[in-house]
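In our numbering, the protein residues as written are 4 to 162. For every residue, glycine included, the Cβ atom is placed at its ideal position computed from N, Cα and C. Values in this document were obtained by computation on a predicted structure and should not be read as measured data.
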Ligand code: SF4
């Protein structure tokens with residue numbers, strides 16, 4: 004499984020309440036785990052995003068929408084979109100699109116991969132996701148529809 008289109012910076016945030024069976028990254032569940040995200044870490048990400056061959060940034064985890072992360076993640080996304088309007092932002096979350104589509108954070112995001120990981124539906128050949136129930140959603144096209152609760156997919160399940 005990869006983390007989005009092109010060559011990307013990936014930020015794994017700490018904190019997740021979904022407790023998916025056979026989660027690929029349980030070390031990230033504790034919201035107090037990991038390394039402190041400080042100004043130095045932010046500048047390191049900007050140094051990478053400055054490179055023309057970097058397509059954008061992916062927020063993964065853990066869950067960027069864990070209550071301990073939401074505000075900081077949203078503010079950081081806002082900064083990134085201001086500084087790099089042509090780079091894409093992807094986000095992986097265990098939450099479902101139907102629950103999060105109203106979030107103001109979505110204005111900064113290009114693609115959301117939603118849903119908990121279901122090991123029974125795991126398939127390593129899937130594009131950008133771990134299990135079949137998850138969806139790779141084109142956020143801007145979805146929000147432009149009359150009914151934004153119905154996701155428009157960014158890509159099919161397989162290349
Ligand atoms: S949402 Fe992701 S990080 Fe959280 S438990 Fe599920 S697979 Fe693991």
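Verify whether the separation of the beta carbon atoms of residue i and residue j is less than 8 angstroms.
| i | j | result |
| --- | --- | --- |
| residue 6 | residue 91 | no |
| residue 12 | residue 52 | yes |
| residue 132 | residue 142 | no |
| residue 59 | residue 16 | no |
| residue 124 | residue 134 | yes |
| residue 151 | residue 106 | no |
| residue 161 | residue 128 | yes |
| residue 14 | residue 48 | yes |
| residue 18 | residue 34 | yes |
Please name the residue in the options whose C-alpha comes closest to that of residue i.
| i | options | result |
| --- | --- | --- |
| residue 94 | 136, 113, 125 | 113 |
| residue 145 | 135, 127, 125, 115 | 115 |
| residue 110 | 84, 100, 130 | 84 |
| residue 21 | 106, 158, 104, 98 | 98 |
| residue 70 | 32, 87, 100, 81 | 32 |
| residue 78 | 121, 40, 57 | 40 |
| residue 25 | 159, 119, 101 | 119 |
Classify residue i: buried if its beta carbon has 16 or more other beta carbons within 10 angstroms, exposed otherwise.
| i | result |
| --- | --- |
| residue 36 | exposed |
| residue 55 | exposed |
| residue 181 | This structure does not reach residue 181, given that the chain is present from 4 up to 162, and the question cannot be answered. |
| residue 154 | buried |
| residue 117 | buried |
| residue 43 | exposed |
| residue 137 | buried |
| residue 76 | buried |
| residue 72 | buried |
| residue 157 | buried |
Given 7 angstroms as the limit, tell me if residue i has its C-beta closer than that to any heavy atom belonging to the ligand NAP.
| i | result |
| --- | --- |
| residue 141 | This structure simply doesn't include the ligand NAP; it includes the ligand SF4 instead. |
Exercise for the section: Only counting runs of 3 or more residues, tell me where the beta strand (DSSP E) segments fall wholly within the stretch 27-101, in order along the chain. Expected result: Runs of beta strand (DSSP E) with 3 or more residues, each lying fully within the stretch 27-101, are found at 57-63, 91-95, listed in chain order.
Handout entry: Whole beta strand (DSSP E) elements within the stretch 117-146, 3-residue minimum
Key = As far as the stretch 117-146 is concerned, its whole beta strand (DSSP E) runs of at least 3 residues are 138-141.
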